[in-house]
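Asker: Numbering (the numbering used here), first residue to last: 60 to 301. Every residue gets a Cβ at the ideal spot worked out from N, C-alpha and C, and that includes glycine. These numbers were taken from a predicted model, which means no experiment stands behind them. Starting off with a structure, shown below.
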DNA sequence: GCGACAG
DNA sequence: ATCTTGTCGC
């Protein structure tokens, strides 16, 4: 996909990284551009090498209309930032953006396995990736970083607001009956209701949305030196549909 | 000082 | 994220 070089350095101290987040948070837009289609959704994820020195990132482009994989790419980078709660993007985003840049297609939206505005400074990785990619992004995390909420009803599709005081920073959404809910929040260029609908539409069979699950599988396959297995699995799916 | 803490 | 097998439960 068309993706400009990063407008800022990634190798920063914690202090500067936080200052950068505060500055960039003001540029996040939580409104979906009128008429924007949401058919091709890219799921992104990252994994780390055994020695913890390299990040392996991957993106899988999912056709929501057909329910199939369109394209997938990956990238590897040296780790240049430690894991610090609230600063995840400085650790994973460089590799994730490199993988997205290799995409030939232009995704309508990007699903991140992390929070967006449900973040202490309203600038989680989904916001960071969305801002730099200039595309709609949604944060869909498996656990809470900040905020309080009630447990949503057990039915698929039920949800409860994620609150930081009186402020709604995201939604706690049940993507399948009886499974643990996921944390959905705005990344960039989309509103919370649309973000929720997108996650639910992508979560056709499991707790996590398909693009995210597939990106996770790809990243694990690459780490295990079995990237071909992923390709085979996707190919089988396509042939089995016909 | 004592917890909490995306991946 | 990662270390790791079998196992308890629906």
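Who are residue 168's beta bridge partners in DSSP?
Answerer: Bridge partners of residue 168: 100.
Asker: Please classify residue 226 as buried or exposed, where buried requires at least 16 other C-beta atoms within 10 Å of its C-beta.
Answerer: Per the 10 Å Cβ criterion, exposed.
Asker: Between which two residues does the beta strand (DSSP E) carrying residue 125 extend?
Answerer: That residue, residue 125, is in no beta strand (DSSP E); it is neither H nor E in DSSP.
Asker: Considering Cα atoms alone, identify which of 235, 206 and 117 is closest to residue 261.
Answerer: Selected option, being the one with the closest Cα: 235.
Asker: If you run the structure through DSSP and keep just helix, strand and coil, what is residue 301?
Answerer: At residue 301, the pLDDT of 49 sits below 50, so the modelled position is not reliable and the matter cannot be decided from this model.
Asker: Could you say if the stretch 158 to 165 and the stretch 128 to 142 meet the contact criterion of at least three C-beta pairs nearer than 8 Å?
Answerer: The stretch 158 to 165, when compared against the stretch 128 to 142, does touch it at the 8 Å Cβ threshold.
Asker: My output table needs one value for residue 144: the three-state DSSP class, helix, strand or coil.
Answerer: Coil at residue 144, not helix or strand.
Asker: Considering only the alpha carbon of each residue, which of 82, 277, 268 and 76 lies closest to residue 200?
Answerer: Cα-wise, what sits closest to residue 200 is 268.
Asker: Roughly how many angstroms lie between the CA atoms of residue 207 and residue 102, to the nearest whole one?
Answerer: C-alpha separation (whole angstroms): 26 Å.
Asker: Is it right to say residue 143 is buried, meaning 16 or more other beta carbons lie within 10 angstroms of its own, or is it exposed?
Answerer: When all chains shown are included, residue 143 counts as exposed.
Asker: Check residue 230 in the structure and name its three-state DSSP category.
Answerer: Looking at residue 230 - three-state DSSP - the assignment turns out to be strand.
Asker: Can you grab the Cα-Cα spacing for the pair residue 285 / residue 224, in whole Å?
Answerer: Distance between the alpha carbons of residue 285 and residue 224: 46 Å.
Asker: Do you know how far the Cα of residue 137 is from the Cα of residue 116?
Answerer: Taking the straight line joining both Cα atoms gives about 11 Å.
Asker: Tell whether a beta-carbon distance below 9 Å holds between residue 248 and residue 177.
Answerer: Against a cut-off of 9 Å, the Cβ pair of residue 177 and residue 248 comes out as no contact.
Asker: Please determine, among 73, 218, 280 and 147, the residue with the shortest C-alpha to C-alpha distance to residue 255.
Answerer: For the residues 73, 218, 280 and 147, the minimum Cα distance to residue 255 belongs to 218.
Asker: Going by beta-carbon coordinates alone, are residue 173 and residue 183 separated by less than 9 Å?
Answerer: For residue 173 and residue 183, yes; Cβs fall inside 9 Å.
Asker: Could you pull out every residue in the same chain whose Cβ sits closer than 8 Å to the Cβ of residue 237, ignoring the five residues on either side in sequence?
Answerer: Closer than 8 Å at Cβ, skipping near neighbours: 213.
Asker: Run through DSSP, which three-state label would residue 72 get?
Answerer: It is coil, neither helix nor strand.
Asker: When you compare the CB positions of residue 152 and residue 245, do they come within less than 9 Å of one another, or not?
Answerer: No, they are not a contact pair.
Asker: Could you tell me the boundaries of the beta strand (DSSP E) in which residue 219 lies?
Answerer: Segment 218 to 223, the beta strand (DSSP E) holding residue 219.
Asker: By the three-class DSSP mapping on this structure, what secondary structure does residue 249 have?
Answerer: The answer is coil: DSSP assigns residue 249 none of H, G, I, E or B.
Asker: I need the boundaries of the alpha helix (DSSP H) containing residue 283, first residue and last residue.
Answerer: Unbroken run through residue 283: none, as it is neither H nor E.
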